[in-house]
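For reference, the structure is listed below as structure tokens.
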Amino acid sequence: MIRKYVYGKPFETEAVVQKIEACEGTMPYFDAYKETDLAGGSAEMEQSVLVNMTEAQLTEMNVKSMKSGFRYVMDKTDVVYGLGENIRGINKRGWHYTSYADDNPHHHEDVQRLYGAHNFFIVDGKKRFGIFLDYPGEITFDVGYTHKDEFRIFLKDMNFVAYVIEGSSLKDIVKQFRQMIGRSYIAPRWALGYCQSRWGYENAEDVRYVVKQYRDNHVPLDMICVDIDYMDGYRNFTIDEKAYPAFEELVQEMRQQKVHLVPIIDAGVKADPDYYVDVEGLEKGYFCKKEDGTEFVGTVWPGECHFPDFLNPEARKWFGHHYSFLLNKGIDGFWNDMNEPAIFYSKRQMSEMKEKIKIMFEDSLPTDQEIDSLAWKLQDLKNSRKDYQSFYHEVNGEQVCHDKVHNLYGYNMTRAAGEAFEELMPDKRILMYSRSSYTGMHRYGGIWYGDNYSWWSHLKMNLSMLPAMSMQGFLYSGADLGGFGSDVTEDLLLRWLELGIFTPLMRNHSAKGTREQEVYQFTDIDAFGRIIGLRYALLPYIYSEYMKACLRDEMLFRPLAFDYEEDTFASQVEDQLMLGDSIMIAPVLQQNATGRYVYLPEEMKLVRFRSSTDYEEEILQAGHHYVTAALDEVVIFIRPDKLLVLSNGGESVEDVDFDNVKTIAFVKKEAVYEYYQDDGNSRYYDKEEHFRKIVEK
Ligand code: MIG
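Here it is, written out as structure tokens:
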């Protein structure tokens, strides 16, 4: 059951598609809560007194700052799931998280926010409920950070909608939420192939070289992402003719190699009187403006940029239709970047900074501390709150300050593309994944999890994020495998791919200046070929589960506790996941380990793959086990009376035979599997003939 509570005058985010009548009163579970900072002492006042005080009374009391929100007192054993793209574990307890989309390439253990804003969570304990706060501005979820047993939520202002969801199970709560926000974006089947990417392929020859290496080594490959270097001076919807001459021919040549070229699009449009997109945008008034009515300018990769007002439906349509520049060249997939939006700095802030630096160096030499603080201040120029507060969107004829709707920017950029694709290519699925996102964007594209590092802890973080993303409906998603920043090692890449073979978006991506991380850069190419080959063998299962999760508003990856609610240990398991209907995965996440401990909530069949054809099986009892998994081995666990469908593999998705599949089953009485299959490319997903039962006795 879903109950809706409207507070104040909420902004219409269009995250929710279901019509739900609002209830009277205030939302259950959480009590109204205020936190004050009293001048001359910050002793907490009695809540009963505080929440009823008027603004005037508070001012009289010398309140320096006050945060308004809600509080829930957690039981010791309560587990909190959700919040989508965030750091830390599956159980979000013990930290504070902020929804305010941020381009932060340092996913350290102490950051509070990343690129997306996903305000849905479930509290599971003596009481069990889910809450979605539909609010496009900044929210803080203090999940036992300030007080270990209190869950406090603070919103910038009290104009929002709360949806409180109760259900018969954790899965049921998620399903109701997902039905409410609409069906997830469905990627073309080829986009579940392996993707090689790097910010650093500078020209067509670089791309050809990568593809040749993969094909020569017989390591499967379906896509190459091209990063900002393919554009002419980082101008969206242009091509650098020197680096990528005859782009259309390159696209065709790649298609003959069964590889899709996937270009990046950035949010900022270069401010340039000789650039057609900028000229059009200015003419039509489609860019975000400052209070004085002139266009806001911020510096990003192209230099000074204008920012399309994606909240304006006309501007959205205009920008979306520009993707046809590339669609017409044979492109059928894109990634949307820098759409928080990322801003390196604005002119105004830069001049202020220059002033500060001048003063600092004027009279005397700065101290060490001053230099440190200067470095911090320079960092603060990036993605600065002041900038976000200084420009406006036009929504139904009204000016809305960007800061208040910040989290909707990337969502609506991707929506612009998604809506255009539906119009321009009604019969074909186009690949789209974005960096920034908000609930609702899941209907138009997937996401990748941004600029992680080549760190073992980030491999673990990748695993933790997967079920949280499934909850939010971002089913086509994945992290940069091998890590984006810093230098990868061969063993880390192998282990990371051993998780990546299960995620719908399976992309190896890395940053300029880091160690090259294509699989052929390392010694045991054969092992990489076998692991990636296993992905292609598993594709019938992964695609079928992915599609069913999309079509039925379900989770693809689940924490163990979602399937074994009665099992009191299951909620403790932070490094294993249920994947689809039949299996549990337990990747090795630690360097130099030749195996790991695995918890089995019930008897299961272990399958240890060295390749799709070379594997062994073993039945394991419920309980704790140490399971070996050498560097080139993948262990999975099949549940009782469930089965796995496998193909004979292939070097590209189009070579995979999805009709004639093999099975590996754990038969106790009878293993049953519902196998989904379609052409992988059209938009007629729901036909009955796509579902087939496979039974094994
Ligand atoms: O400021 O386009 O997250 O995947 O390679 C960095 C260059 C801009 C950030 C993306 C990353 C991409 C990079 N971009």
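Everything in the sequence shown is counted per the working numbering, starting at 113 for the first residue and increasing by one. Positions of the beta carbon are idealized from the N, C-alpha and C atoms, including for glycine. Bear in mind that the values here come from a model prediction, so they are computed numbers and not experimental data.
task = Along the beta strand (DSSP E) that carries His208, what are the first and last residues, could you check?
result = Trp207 to Ser211
ask   = Between Asp449 and ligand 1, is the CB less than 7 Å from at least one heavy atom?
value = yes
task = Using only the heavy atoms of ligand 1, determine whether one of them is closer than 7 Å to the beta carbon of Trp302.
result = no
task = Give a single yes or no on whether Ala213 has its beta carbon closer than 7 Å to a heavy atom of ligand 1.
result = no
query = Taking the C-alpha atoms as reference points, what is the distance between Met544 and Ala127?
reply = 18 Å
message = Within the continuous alpha helix (DSSP H) that includes Asp499, where are the two ends?
response = Arg497 to Tyr500
message = Does the segment 467-486 come into contact with the segment 583-594, if we say contact requires no fewer than three beta-carbon pairs (one atom in each stretch) closer than 8 Å?
response = no
ask   = Short check: CB of Glu452 to CB of Asn495, under 8 Å?
value = yes
query = With distances taken from CA atoms, which of Met716, Ile697 and Gly735 is nearest Asp679?
reply = Gly735
request  = For the beta strand (DSSP E) containing Asn620, list its first residue and its last residue.
outcome  = Met618 to Asn620
key: 8 Å CB neighbourhood of Ala661 in its chain, flanking five on each side removed   = Ser296, Ser582, Leu587, Met667, Leu668 and Gly692
request  = Look at the Cβ atom of Thr551, then the Cβ atom of Phe253, and state whether they are nearer than 8 Å.
outcome  = no
inquiry  = Rounded to the nearest angstrom, what separates Ser549 and Tyr521 at their Cα positions?
reply    = 8 Å
key: Gly709, buried or exposed, once every other Cβ within 10 Å from all chains shown has been counted against 16   = For clarity, residue 709 is Tyr in the given sequence; the question names Gly instead. Result: exposed.
message = One question on the structure: do Val685 and Tyr711 come within less than 8 Å of each other, judged by their Cβ atoms?
response = yes
inquiry  = Can you tell me whether His621 sits near ligand 1, meaning its C-beta is under 7 Å from at least one heavy atom of the ligand?
reply    = yes
ask   = Any heavy atom of ligand 1 closer than 7 Å to the CB of Trp311?
value = yes
ask   = For the segment 302-340, which segments carrying the alpha helix (DSSP H) assignment without a break, of at least 4 residues, lie completely within its bounds, in sequence order?
value = 316-328
key: Collapsed DSSP secondary structure at Val161 in the structure displayed   = helix
inquiry  = Taking its Cβ as the centre, do 16 or more other Cβ atoms sit within 10 Å of Leu578, making it buried, or is it exposed?
reply    = buried
query = Under three-state DSSP, which class holds Tyr521?
reply = helix
ask   = CA-CA distance, Ile603 and Leu575?
value = Per the sequence shown, residue 603 should be read as Asp rather than Ile. The straight-line gap from Cα to Cα measures roughly 17 Å.
message = Suppose you measure from the CA of Arg327 to the CA of His621; what does that come to, to the nearest Å?
response = 18 Å
task = Drop a sphere of 10 angstroms on the beta-carbon of Tyr796, count the other beta-carbons inside from all chains shown, and report buried for 16 or more, exposed for fewer.
result = exposed
query = Between the beta-carbon of Val338 and the beta-carbon of Pro375, is there less than 8 Å?
reply = yes
inquiry  = Judging by CA-CA distance, which residue of Ala229, Val700 and Thr189 is the nearest neighbour of His518?
reply    = Ala229
query = Applying the criterion that 16 or more other CB atoms from any shown protein chain within 10 Å of the CB defines a buried residue, is Tyr565 buried or exposed?
reply = buried
key: Every unbroken beta strand (DSSP E) within the segment 702-782, with a cutoff of 3 residues, ordered by chain   = 707-712, 716-721, 727-732, 735-740, 746-750, 754-758 and 774-778
task = Can you tell me the Cβ-Cβ gap for Ile251 and Leu267, rounded? I've got them flagged as a contact below 8 Å.
result = 5 Å
request  = Spatial neighbours of Tyr500 within its chain, please: CB distance less than 6 Å, with the 5 preceding and 5 following residues excluded, ordered by chain position.
outcome  = His514, Asp515 and His518
ask   = Just to confirm, are Ile731 and Glu715 a CB contact at a threshold of 8 Å?
value = yes
message = Determine whether the beta carbon atoms of Arg619 and Trp560 lie at a separation below 8 Å.
response = yes
inquiry  = Cutting at 8 Å between CB atoms, please list the residues of its own chain near Glu782, excluding the five before and the five after it.
reply    = Asp753, Val807, Glu808 and Lys809
request  = Return the CA-CA distance between Asp352 and Glu197, expressed in angstroms with no decimal places.
outcome  = 34 Å
ask   = Looking only at C-alpha atoms, which of Gly312, Arg670, Phe681 and Leu651 sits nearest to Asp769?
value = Leu651
message = So if DSSP puts Met216 in a beta bridge, which residue, or which two residues, is it bridged to?
response = Going by the sequence as given, residue 216 is Asn instead of Met. Its beta-bridge partners do not exist; DSSP assigns none.
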